[in-house]
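Participant: Chains as they are written, first to last, in this note's numbering: chain A, 47 to 491; chain B, 47 to 491. Submitted below is the structure of interest, expressed as structure tokens.
There are 2 protein chains.
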Amino acid sequence: MKKFFYPSSVAIFASMKEGKTGYEIIKNMVEGGFKGKIYPISQSSGGKVFQLEVYPDYQDLEFDLAIIAIPEKFIPALLEDLGKKGVPRIVIISAGFSEVGNREGEEAIKDIARKYRMRVIGPNCAGIMNTENNLFTSIEVRALPGGTAFITQSGALGGAVLMMAEELNFGFSKFVSFGNRCDVGEIDLIEYFENDPQTKVIALYIEGLVEGRKFLLQAGKTGLKKPIVAIKAGKSSAGMRATSSHTGSLAGEDKIYDAAFHQAGILRVEGVEEMFDLCRALNYYPKIEGNRIAVITNSGGPAVMAVDKLEELGLNICEPSKILKERLKEMLPPHVSLGNPYDLLAYGEAENFYQVSKAIAPEYDALIAIFVPTSFMDSTKIASALGKVKQEIKIPIFANFMAGRLVKEAAAVLESYGIPNYSTGERCARVIQKIYKYTMRLNNK
Amino acid sequence: MKKFFYPSSVAIFASMKEGKTGYEIIKNMVEGGFKGKIYPISQSSGGKVFQLEVYPDYQDLEFDLAIIAIPEKFIPALLEDLGKKGVPRIVIISAGFSEVGNREGEEAIKDIARKYRMRVIGPNCAGIMNTENNLFTSIEVRALPGGTAFITQSGALGGAVLMMAEELNFGFSKFVSFGNRCDVGEIDLIEYFENDPQTKVIALYIEGLVEGRKFLLQAGKTGLKKPIVAIKAGKSSAGMRATSSHTGSLAGEDKIYDAAFHQAGILRVEGVEEMFDLCRALNYYPKIEGNRIAVITNSGGPAVMAVDKLEELGLNICEPSKILKERLKEMLPPHVSLGNPYDLLAYGEAENFYQVSKAIAPEYDALIAIFVPTSFMDSTKIASALGKVKQEIKIPIFANFMAGRLVKEAAAVLESYGIPNYSTGERCARVIQKIYKYTMRLNNK
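Shown next, in the form of structure tokens:
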């Protein structure tokens, strides 16, 4: 797999006319700053594209990855040629294969790939990306760098995820859209990402599995080293109708997936928003060793909603010990709550957040800091105080700074300290519960 | 209640020094463009604030609303004076009353208010806003205009909601933080908003009710005219511990709330994100008359997740009739799915979205349009096509344009046609289910 993501030179076979697929891929590769050679190849276009010469012929060029986005009918002949030339890795973006009933076309490219021992990603996919060497062989929005490898069966969903991620400032190590999975699929990719140093978390969108048992074995093995977060779509009868995984005997199938995923240690999520939330946290905190959660805040309402959710999810909002309570009493003005949630009220200044967080940490397994500024407060001071706390305590801290432009800068400060910030305390709660359950399963293995 | 929101002149009693509460309120009032007179009143400050004269004394001034943010100990004497002067409406922002155990202080202001027949909002609140006349008697971010009246017990939660709303471009008719509820509470406000022409939806954040039965009666009555969306926080034992509603006998209490809310026709939501989602839809679509939902899309994955969620929530993703299927076959290229979800694949251009949406509408009760552009597609054309469809069909359309900056302009176009746009199809599904259930209840009354 590694050769797909670290080619020394890449050839792109596609129309290079403005607005066409090839043009957009070259744009992404050039603007993204790919650290290897790029060969735009098109018989019709000629001239230059993003200051790169467009080659009508490729026989004299050396490249170890070919990206193909030409019409389906020309692909078998091109693949034969690339096979003879010894090009080892191919990504076929073009659609028009099994997804529209053209199974023979897909079988044909499979056969050619097998004959020449080429590995193929696609067809009908959105390409691949690697943020380490700025490889962006896709027309989609370029991924920002980060610790999550994202594998998707649906190309359009992949594009949507990249756009949402950009908005959330969420980064990826690698991005792979495998489309119709004529060769490379999620099993090969999970196996590879298990040992990819840039990848801390593996995230997956799948509609159907081809080799269920093998997948679960691989996920079970990889999951011991790195968390795997998965969306399995096509649960409902309408959803299955719309996916290629439709097999005819589907009753209860989703429950089987659910049990199998659980067994293999896969963290199943409902949709992309939960996926982002969970992956963001797992990048910083792969484990939460217990269920005692503290909430510290300057704001009653949001904290109440957070503890409501925590308790609903089975976590323990335990009260401080007597000794801790005594310590807090000395630390804080009268009227300030000495229980969990720790509501500092108007005394929620940086110094109090720092002192109280540090004091309570030894009695808890994770901490949620909820902060609501008024329009003239400097939230970055609170963020820095929490960053300092993080360096001095042993448990994970999650943040919920509310909201919008007033906390944008503070959110960046939190991020720089490795504290994930969420839009609500309830989101923190959901993430904490998932990581805690996952940790318990790992510890019992 | 109306006098609170439509005063001809407002006096603000607070410190007018830069960064202090009075200064920030005057800033909001002036920058917000209040359409009445504003009197900053402070014995210590003097001079001018935002080009308004600061008055040390107020005996010669005429005003019908007083906003008070001076220290607690000076408030009873000021209230007595205002009572004698005949000022009818008071908002007390200052904290330091029952929320910190000072029940006598709160009783004192209650007594004075009763004596002079003044109505009081607060104390310990974040003020009130009216976007019709630009009344912003608060230090919080100014509300944008819109059709939702928001009533909150927690001032900090109110501030957070305003900040989140600004980010989401979500508007309010009125905003009220009632704090400790020494006089005016949610019942008075719901009653007033029932007949406020600017308010289409009433949204509520409450931790505890004082007069439960009266509240439910009022909500039941108002709910027949306008939807009421409510967050009831403090469900958990830790949450109740943190709220003033802690009564000692709490087991099962939340279930009672749930049943009572249901009985009164209140749409209960879990948190602020769901509240925004639901209120946004209710502003455009107060009713959904049946459970047959169609999904139209250019993008498989997101549509599959949407129908998964719709079906999980008990909605009916029914297939088209034979006749409709024949019509669609004539309309669309081969390979395009003729079932629900209607996946237009690469044929998802504006004209196809328009034609197919219009053709299928008569067989459904609501429509979700899911669109994922690639980086060089113009999403606004699809948005306009859907806007045109909306004007020509009778059922609600919901949109899920994914995502981020690539659909920002399109989202504004959708909004201009009155089509609510959500970040995921699952969010559309949740909103549709809630409105459908609410409509069924109303129709059965």
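Even glycine gets a Cβ: it sits at the ideal position worked out from N, Cα and C.
1) Since residue 473/A and residue 323/A should fall inside the 8 Å C-beta cutoff, what is the C-beta to C-beta distance between them, to a whole number of angstroms?
2) Tell me the DSSP secondary structure of residue 362/A in three-state form.
3) Between 466/B, 117/B, 483/B, which lies nearest to residue 359/B when the distance is taken from Cα to Cα?
4) Between residue 308/A and chain B, is there a C-beta pair that is closer than 8 Å?
5) In its own chain, which residues sit with a C-beta less than 6 Å from the C-beta of residue 542/B, not counting the 5 before and 5 after it?
6) Would you list the residues sitting across from residue 151/A in a DSSP beta bridge?
7) Reducing DSSP to helix, strand and coil, say where residue 294/B ends up.
8) Between the C-alpha atoms of residue 457/B and residue 202/A, what's the straight-line distance to the nearest angstrom?
9) So the candidates are 369/B, 221/B, 375/B, 386/B; which of them puts its Cα closest to the Cα of residue 412/B?
10) Exposed or buried, what is residue 156/A when buried is set at 16 or more other beta-carbons lying within 10 Å of its beta-carbon?
11) Kindly indicate if chain A contains any beta-carbon less than 8 Å away from that of residue 293/B.
12) What three-state label does DSSP hand residue 50/B in the structure shown?
13) Between residue 174/B and residue 56/B, what straight-line distance do the alpha-carbon atoms span, to the nearest angstrom?
14) How should residue 223/B be labelled, buried or exposed, when 16 other C-beta atoms within 10 angstroms of its C-beta is the threshold for buried?
15) Residues in its own chain within less than 6 Å of residue 333/B by CB, not counting five upstream and five downstream?
16) Going by other Cβ atoms of all chains shown within 10 Å of its Cβ, with 16 needed for buried, is residue 438/B buried or exposed?
17) Could you name the residues of chain A that residue 90/B contacts, counting a contact when the two beta carbons are closer than 7 Å?
18) According to DSSP, simplified to helix, strand and coil, what is residue 172/A?
19) Taking CB distances under 8 Å as the criterion, tell me whether residue 210/B reaches chain A.
20) Count the other CB atoms, across all protein chains shown, that sit within 10 Å of the CB of residue 163/A; report buried if there are 16 or more and exposed otherwise.
21) So, under 8 Å CB-CB, residue 169/B and residue 129/B are touching, yes? Tell me the CB distance rounded to an integer number of Å.
22) Measuring only the C-alpha atoms, how far is residue 95/A from residue 58/A?
23) With a threshold of 8 Å between beta-carbons, can residue 251/A be considered close to chain B, or not?
24) How far does the alpha helix (DSSP H) with residue 427/A in it extend, from its first residue to its last?
25) According to DSSP, which residues form a beta bridge with residue 191/A?
26) Keeping to the same chain, check which residues put their C-beta closer than 6 Å to that of residue 326/A; ignore five residues upstream and five downstream.
27) Since residue 213/B meets chain A, which of its residues come closer than 8 Å, beta carbon to beta carbon?
28) When Cβ atoms are compared, which residues of the segment 408-434 of chain B fall closer than 7 Å to chain A?
29) Residue 7/A: buried (16+ other C-beta within 10 angstroms of its C-beta) or exposed?
30) Rounded to the nearest angstrom, what separates residue 121/A and residue 204/B at their Cα positions?
31) Can the beta-carbon of residue 186/A be found closer than 8 Å to that of residue 420/B?
32) Is residue 296/A close to chain B? Criterion is C-beta to C-beta, closer than 8 Å.
33) Mapping the DSSP letters down to three states, classify residue 200/A as helix, strand or coil.
34) Between which two residues does the beta strand (DSSP E) containing residue 165/B stretch?
35) Residue ranges of each alpha helix (DSSP H) run of no fewer than 4 residues wholly in the segment 208-256 of chain B, ordered along the chain?
36) Taking the C-alpha atoms as reference points, what is the distance between residue 427/B and residue 396/B?
Facilitator: In short, the structure shows the following:
1) 5 Å
2) In the displayed model, residue 362/A falls within a strand according to three-state DSSP.
3) 483/B
4) no
5) In the structure as shown, chain B starts at 47 and stops at 491, and residue 542/B therefore has no counterpart that could be examined.
6) Bridge partners of residue 151/A: none, in fact.
7) With a pLDDT of only 37 at residue 294/B, under 50, the local geometry of the prediction cannot be trusted, and no value is derived from it.
8) Distance between residue 457/B and residue 202/A, taken at the CA atoms: about 19 Å.
9) 386/B
10) exposed
11) Bear in mind that the predicted position of residue 293/B carries a pLDDT of just 38, short of 50, making it too unreliable to give a figure here.
12) helix
13) 12 Å
14) buried
15) 485
16) exposed
17) Going along chain A, no residue has its Cβ under 7 Å from residue 90/B, so there is no contact; the nearest lies around 19 Å.
18) Residue 172/A falls in the coil class under three-state DSSP.
19) yes
20) Exposed is the call here.
21) The pair is not a contact, with the Cβ atoms about 16 Å apart (cut-off 8 Å).
22) 12 Å
23) yes
24) In the DSSP assignment, residue 427/A falls within the alpha helix (DSSP H) that extends over 425-438.
25) 218/A
26) 466
27) 449, 450, 451
28) 418, 420, 421, 422
29) No information on residue 7/A is available, as it lies outside the stretch 47 to 491 that chain A covers here.
30) 59 Å
31) yes
32) For residue 296/A, the predicted model reports a pLDDT of 42, less than 50, meaning its position is unreliable and no value from the coordinates is stated.
33) coil
34) 165-167
35) 232-240
36) Answer to the nearest angstrom: the Cα atoms are 6 Å apart.
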